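J.: If you read the sequences in order, they're chains A and B.
Each position in the first sequence, counted from 1, maps to that position plus 14 in my numbering.
Each position in the second sequence, counted from 1, maps to that position plus 214 in my numbering.
Built from N, CA and C at the ideal position, the CB exists for glycine as well.
All values derive from a computational prediction rather than experimental measurement.
Questions regarding the structure given below will be posed in turn.
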Amino acid sequence: MTTETMKIFQWQDYQEAVRSFVLPLVAFVLFLGLWSFSAARLETSLGQVPGPVAVWGQATNLIAEHREERQKEVAFFERQEVRNQEKLAEDPDAKVRIRPYTGKPTFLDQIVTSLLTVFSGFLLATVIAVPLGVLTGLSANVYRAINPIVQIFKPVSPLAWLPLVTIVVSAVYVTDDPLFSKSYLTSAITVTLCCLWPTLINTAVGVSSMDRDLVNVGKVLRLGWFTTVWKIALPSAIPMIFTGLRLSLSIGWMVLIAAEMLAQNPGLGKFVWDEFQNGSSNSLGRIMVAVFTIGFIGFLLDRGMLMLQRRVSWDKDAILR
Amino acid sequence: MTIEHLNIDHVSMVFETPAGPFTALENVNLKIDEGEYVSLIGHSGCGKSTVLNVVAGLLKATTGGVVLDGTEVDEPGPERAVVFQHHSLMPWLTAYENVELAVRQVFKGKKSKAEMREWIEYNLKLVHMEHAMDKLPGETSGGMKQRVGIARALSMQPKVLLMDEPFGALDALTRAHMQESLMEIQNELGNTVIMITHDVDEAVLLSDRIVMMTNGPAATIGEILDIKLERPRNRVELADSPEYNHYRAAVLKFLYERHQNPESDRGEDKPAQEESCSEDMSLRVVSNSAAA
Chain A
15 MTTETMKIFQ WQDYQEAVRS FVLPLVAFVL FLGLWSFSAA RLETSLGQVP GPVAVWGQAT
75 NLIAEHREER QKEVAFFERQ EVRNQEKLAE DPDAKVRIRP YTGKPTFLDQ IVTSLLTVFS
135 GFLLATVIAV PLGVLTGLSA NVYRAINPIV QIFKPVSPLA WLPLVTIVVS AVYVTDDPLF
195 SKSYLTSAIT VTLCCLWPTL INTAVGVSSM DRDLVNVGKV LRLGWFTTVW KIALPSAIPM
255 IFTGLRLSLS IGWMVLIAAE MLAQNPGLGK FVWDEFQNGS SNSLGRIMVA VFTIGFIGFL
315 LDRGMLMLQR RVSWDKDAIL R
Chain B
215 MTIEHLNIDH VSMVFETPAG PFTALENVNL KIDEGEYVSL IGHSGCGKST VLNVVAGLLK
275 ATTGGVVLDG TEVDEPGPER AVVFQHHSLM PWLTAYENVE LAVRQVFKGK KSKAEMREWI
335 EYNLKLVHME HAMDKLPGET SGGMKQRVGI ARALSMQPKV LLMDEPFGAL DALTRAHMQE
395 SLMEIQNELG NTVIMITHDV DEAVLLSDRI VMMTNGPAAT IGEILDIKLE RPRNRVELAD
455 SPEYNHYRAA VLKFLYERHQ NPESDRGEDK PAQEESCSED MSLRVVSNSA AA
């Protein structure tokens, strides 16, 4: 009897494992098949649309280019070092300096730039949206006041913000020794403008829906305004804040690619744009590598936020997916 | 003669509702001595919670007021600690941290860190939660959560402990355990307690006096019953006691013969949810006026 039930149980476990592994695999193989089938029949001005194999080839190419570039860089500095040594040997007082390497950024460099830019914009948005959201959630009047503004700006496309941001950044950010490039600032600020809203709205909802009994506990304890916010309102809203942050980050990542294209920030967006302009026979394949990379990084960012939420949030029952 | 400890003095409460003003409480008068255990009993929506909230300072009486040791109550404060029906623990804090939040606020500058720790642990021991001090509320049972809620209230060293149906959400067996614990604590500390309850047995077992409230609107105190059972009380022994059964019968008669549940006429028995009280009753006002 017991062995019987155990057998059934294992059989179900086994089936479940097969389902969760085999089904995605089947779908993926089908996808690859459909892709190579249709790619082989699509002729473009840049030649045939690359299939999976060609794209994989481009991906390895891009990594090889990165390695090559790095070696060039190392060699460049070595040459300078040797030259400087020689100079100093001739004349100990000679002024020597190391010139920076100015090779073009590789695909991997561009990924790093994109990540830095998106995180800058996202952090700026968080720093603004969370406190503002807390205020909005606490006070019905603040909510009434800013709700129309939020509703109007929320649906604005990054492509509409970008020209404005570009011009404002050019006008305001005038220094002789710029710490950041203008394209970086423009892209990051555009990301901020687009990913403020989910965090703001979710934080406000989280704070305003906190348990009234907890507020009463705070009143009985005569907690001050700041302590009430810090010890009751903010922790209450943490699960909702994370929901907002996850939405914001994924919107930010989508927005970033468009912003980089137009702002010419040397990230993935610019990579895609350059390949598009370049129009070599490899371009389509390289753009596809970028598409997969963008998708995969977006997925990782979301998983990262989810892991952070699991660590930080007290609400372990929340459905996280 | 000493001045009374707690005086609920001619308290009336009128809520503004869309259907016009609604009188929830009218002329509630009650004097409570130090160390007395008073239960408020009555049907749902009779304004028991409103009385408690006025004493807590969470609601302001429309007329009349509450005087505690010669000072009028005008805001909530830790000297009138509240145990809420649904424990109201911060779900992100452990049992220890929940009590700590209260202790740090109340004894800021009065107790050293070590003294605070000792005091928190003492209070958690009182409610038999010393084994689960580091558990989050979500990891403990309903009874345990309510124990921590009580420990938190006790840790404020209140002059009056206010309990709003503290065991209402618990199953019968857990409730019995909690009542035992509470009697034990009461023996030791001798707090002044006002407790709201729906449970006749609970009221008789725990109280020195049972305050029975009439049905709203304009609810007030209908009758007060002195419970002169000797302490410590034992539930099993009392079950056969004629005295106990007499008290029990008196409360039951008040509730079910003289002040029948207004909702039972309509064949619906709503669960006790005092928060819905005012709107619930405003509906009744509307239907009354429509009938008139």
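Give the interface partners of A:K330 over in chain B, defined as CB-CB distance under 8 Å, in chain order.
T.: In the first sequence, the residue the question calls residue 330 of chain A occupies position 316. Going along chain B in sequence order, the residues near A:K330 (Cβ under 8 Å) are G352.
J.: Using a Cβ-Cβ distance cut-off of 9 Å, determine whether B:Q319 contacts chain A.
T.: Within the second sequence, numbered from 1, the residue matching residue 319 of chain B stands at position 105. Yes, B:Q319 lies at the interface with chain A (some Cβ there is under 9 Å from its Cβ).
J.: To the nearest angstrom, report how far apart A:S171 and A:V164 are at their CA atoms.
T.: Along the first sequence, one-based indexing puts residue 171 of chain A at 157. Along the first sequence, one-based indexing puts residue 164 of chain A at 150. Cα to Cα, A:S171 sits roughly 14 Å from A:V164.
J.: Should B:Y458 be labelled buried (16 or more other beta-carbon atoms within 10 Å of its own) or exposed?
T.: Locating residue 458 of chain B in the second sequence gives position 244, where the first residue counts as 1. B:Y458 should be labelled buried.
J.: Does the pairing of the region 78-87 of chain A with the region 103-123 of chain A give three or more beta-carbon distances under 8 Å?
T.: The answer is yes - the region 103-123 of chain A touches the region 78-87 of chain A, with three or more Cβ pairs under 8 Å.
J.: According to the Cβ coordinates, are B:M304 and A:I246 closer than 9 Å?
T.: For this step, residue 304 of chain B is matched to residue 90 along the second sequence. For this step, residue 246 of chain A is matched to residue 232 along the first sequence. For B:M304 and A:I246, yes; Cβs fall inside 9 Å.
J.: For B:G259 and B:G430, what's the separation of their Cα atoms in angstroms?
T.: Sequence index remark: in the second sequence, residue 259 of chain B carries index 45 (1-based). Sequence index remark: in the second sequence, residue 430 of chain B carries index 216 (1-based). If I take the Cα positions, the gap works out to 7 Å.
J.: Using only CA atoms, which one of A:N296, A:P169, A:A154, A:E87 lies nearest to A:E67?
T.: Position 53 of the first sequence, counting from 1, holds the residue named residue 67 of chain A. Looking at the sequence itself, residue 67 of chain A is Val, so the reference to Glu does not match. Of the listed residues, the one whose Cα sits closest to A:V67 is A:N296.
J.: Run through the region 429-485 of chain B for me and flag every whole alpha helix (DSSP H) of 4 or more residues, listed as ranges in chain order.
T.: 449-452, 456-467
J.: Between A:I271 and chain B, is any beta-carbon pair separated by less than 9 Å?
T.: For the purposes of this step, residue 271 of chain A is identified with residue 257 of the first sequence, where counting begins at 1. No, its Cβ sits nowhere closer than 9 Å to a Cβ of chain B.
J.: Please confirm if B:P485 has its CB atom under 9 Å from at least one CB of chain A.
T.: For the purposes of this step, residue 485 of chain B is taken as the residue at position 271 of the second sequence. Below a pLDDT of 50, predicted positions are generally treated as unreliable, and B:P485, at 42, falls in that range; the measurement from the model is reported next regardless. It does not; no Cβ of chain A falls within 9 Å.
J.: The ligand COA and B:K322: does any heavy atom of the ligand fall closer than 8 Å to the residue's C-beta?
T.: In terms of ligand content, the structure shown is empty, and the ligand COA therefore cannot be addressed.
J.: Is it buried or exposed, A:R324, if we count other Cβ atoms within 10 angstroms and call 16 or more buried?
T.: Along the first sequence, one-based indexing puts residue 324 of chain A at 310. With fewer than 16 other Cβ atoms within 10 Å, it is exposed.
J.: CB-CB under 6 Å to A:A143, same chain, minus the five flanking residues each way: which ones, in chain order?
T.: In the first sequence, counting from the first residue as 1, residue 143 of chain A sits at position 129. Taken in chain order, the residues that qualify are L210, T213, L214.
J.: Does the region 173-193 of chain A come within contact of the region 234-249 of chain A, defined as at least 3 CB pairs closer than 8 Å?
T.: no
J.: Decide if the region 450-467 of chain B is in contact with the region 285-295 of chain B; the criterion is three or more beta carbon pairs, one per stretch, under 8 Å apart.
T.: no
J.: Which one of B:H257, B:G249, B:K245, B:K327 has the shortest CA to CA distance from B:V507?
T.: Any question about residue 507 of chain B goes unanswered here, given that chain B covers just 215 to 506.
J.: Among the residues of its own chain, which have a CB less than 6 Å from the CB of B:T264, if the five just before and after it don't count?
T.: Looking up residue 264 of chain B in the second sequence gives position 50. Excluding sequence neighbours, B:T264 sits near M227, A238, L239.
J.: Does the beta-carbon distance from B:V362 to B:N405 come in below 9 Å?
T.: Walking along the second sequence from the start, residue 362 of chain B turns up at place 148. Walking along the second sequence from the start, residue 405 of chain B turns up at place 191. Against a cut-off of 9 Å, the Cβ pair of B:N405 and B:V362 comes out as no contact.
J.: Output yes or no for whether 9 Å exceeds the beta carbon distance between A:V205 and A:L270.
T.: As a working mapping, residue 205 of chain A is identified with position 191 in the first sequence. As a working mapping, residue 270 of chain A is identified with position 256 in the first sequence. A contact, by the Cβ cut-off of 9 Å.
J.: In terms of alpha-carbon separation, which member of B:L350, B:A275, B:P232, B:G234 lies closest to B:N243?
T.: Start at 1 with the first residue of the second sequence, and residue 243 of chain B comes out as number 29. Selected option, being the one with the closest Cα: B:A275.
J.: From the DSSP output, in three-state form, read off A:Q278 for me.
T.: Mapped onto the first sequence, residue 278 of chain A falls at position 264. Coil.
J.: Kindly indicate which residue of B:L403, B:A417, B:M370, B:H257 has the alpha-carbon position closest to the one of B:Q393.
T.: Stepping through the second sequence from its first residue, residue 393 of chain B is reached at position 179. Among B:L403, B:A417, B:M370, B:H257, the Cα nearest to that of B:Q393 is on B:A417.
J.: Would you kindly report the start and end of the unbroken alpha helix (DSSP H) that includes B:M330?
T.: Counting from one through the second sequence, the residue named residue 330 of chain B turns up at place 116. B:M330 -> alpha helix (DSSP H) spans 327-340.
J.: Measuring only between beta-carbons, confirm whether A:D227 sits less than 9 Å from chain B.
T.: Numbered from 1 along the first sequence, position 213 holds the residue referred to as residue 227 of chain A. Chain B, which has a Cβ nearer than 9 Å to the Cβ of A:D227, makes this yes.
J.: Report the neighbours of B:W333 on chain A: residues whose CB is nearer than 8 Å to its CB, in chain order.
T.: What you label residue 333 of chain B is simply residue 119 of the second sequence in a count that begins at 1. What B:W333 touches in chain A: nothing, since even the nearest Cβ is about 15 Å away.
J.: If I follow the unbroken alpha helix (DSSP H) through B:Y251, where does it start and stop?
T.: Position 37 of the second sequence, counted from the first residue, corresponds to residue 251 of chain B. Premise fails: B:Y251 lies in the beta strand (DSSP E), 251-255, not in any alpha helix (DSSP H).
J.: Of all the residues that make up the region 252-285 of chain B, which are near chain A by a beta-carbon distance shorter than 7 Å?
T.: A270, L272
J.: For chain B, find out if any of its Cβ atoms is closer than 9 Å to the Cβ of A:V231; answer yes or no.
T.: Along the first sequence, read from residue 1 onward, the residue named residue 231 of chain A stands at position 217. So yes, A:V231 belongs to the interface.
J.: Give the secondary structure of A:Q62 by DSSP, where H, G and I count as helix, E and B as strand, and everything else as coil.
T.: What you label residue 62 of chain A is simply residue 48 of the first sequence in a count that begins at 1. Strand at A:Q62.
J.: If I follow the unbroken alpha helix (DSSP H) through A:D316, where does it start and stop?
T.: The sequence position of residue 316 of chain A within the first sequence is 302, counting from 1. Its alpha helix (DSSP H) spans residues 297-326.
J.: Please work out which residues of its chain come closer than 8 Å, Cβ to Cβ, to B:A390, disregarding the five sequence neighbours upstream and downstream, and give them in chain order.
T.: Walking along the second sequence from the start, residue 390 of chain B turns up at place 176. Cβ neighbours of B:A390 beyond the five flanking positions: R449.
J.: Under 9 Å, do B:M358 and B:Y251 count as touching if we go by C-beta distance?
T.: Walking along the second sequence from the start, residue 358 of chain B turns up at place 144. Walking along the second sequence from the start, residue 251 of chain B turns up at place 37. Result no, Cβ atoms of B:M358 and B:Y251 do not sit closer than 9 Å.
J.: I need the DSSP call for B:N405, collapsed to helix, strand or coil.
T.: Position 191 of the second sequence, counting from 1, holds the residue named residue 405 of chain B. In this structure, B:N405 counts as coil in the three-state DSSP scheme.
J.: According to the Cβ coordinates, are B:S421 and B:I435 closer than 9 Å?
T.: Within the second sequence, numbered from 1, the residue matching residue 421 of chain B stands at position 207. Within the second sequence, numbered from 1, the residue matching residue 435 of chain B stands at position 221. Against a cut-off of 9 Å, the Cβ pair of B:I435 and B:S421 comes out as no contact.
J.: Per the contact definition of three or more C-beta pairs closer than 8 Å, is the region 315-330 of chain A in contact with the region 221-237 of chain A?
T.: no
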